[in-house]
């Protein structure tokens, strides 16, 4: 009877050690990315981060954006150009939450915005955004080319 108890204790301890060392979360631990408030891709909790200021956006909070009509469509994927202005924390621009371009890592001026490609698939609810740069770094690329 004692041997069975020691065997079960050894199995439990080895499971705990492997789950903690392997980077996987155990049932009573929260995942590290959800504790820090960072989203990893499509989050099941509805948490996303603002690409400009990095704030965590909770359910119902949106990024102010302008999606232009037209675009191209191939293979069931529609691609449109969009301008990302910011989230409720950084738009309208303020001193507390600076808006930083994720491409050039420069601070955006008050009238600046991100230029992005906006992808949607037919029959899918999930959307994808690919940031190309801000008004400042895209201007530099245009003049240098």
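In this note's numbering, the protein residues as written are 1061 to 1205. Positions of the beta carbon are idealized from the N, C-alpha and C atoms, including for glycine.
Residue 1198 and residue 1190 have their C-alpha atoms spaced approximately 14 Å apart. In the pairwise beta carbon analysis, the region 1110-1123 is classified as touching the region 1160-1168: at least three pairs are separated by under 8 Å. Per DSSP, residue 1156 lies in no beta strand (DSSP E) segment and is marked neither H nor E. Residue 1156 and residue 1131 have their C-alpha atoms spaced approximately 36 Å apart. Annotated three-state conformation of residue 1108 is strand, per DSSP. Comparing C-alpha distances from residue 1188 to each of 1127, 1077, 1067 shows the shortest one belongs to 1127. When rounded, the separation of the alpha-carbon atoms in residue 1067 and residue 1107 is 41 Å. Counting along the chain, residue 1139 sits inside the beta strand (DSSP E) bounded by residues 1137-1146. In terms of CA proximity to residue 1174, 1141 leads the group 1184, 1154, 1141, 1077.
Less than 7 Å divides the Cβ of residue 1168 from the Cβ of residue 1194. Residue burial annotation: residue 1064 is exposed, with fewer than 16 other C-beta atoms found within 10 angstroms of its C-beta.
Between residue 1138 and residue 1122, the alpha-carbon positions lie close to 21 Å from each other. DSSP, read as helix, strand or coil, puts residue 1161 in coil. In the DSSP annotation of this structure, residue 1186 is not part of any beta strand (DSSP E), being labelled neither H nor E.
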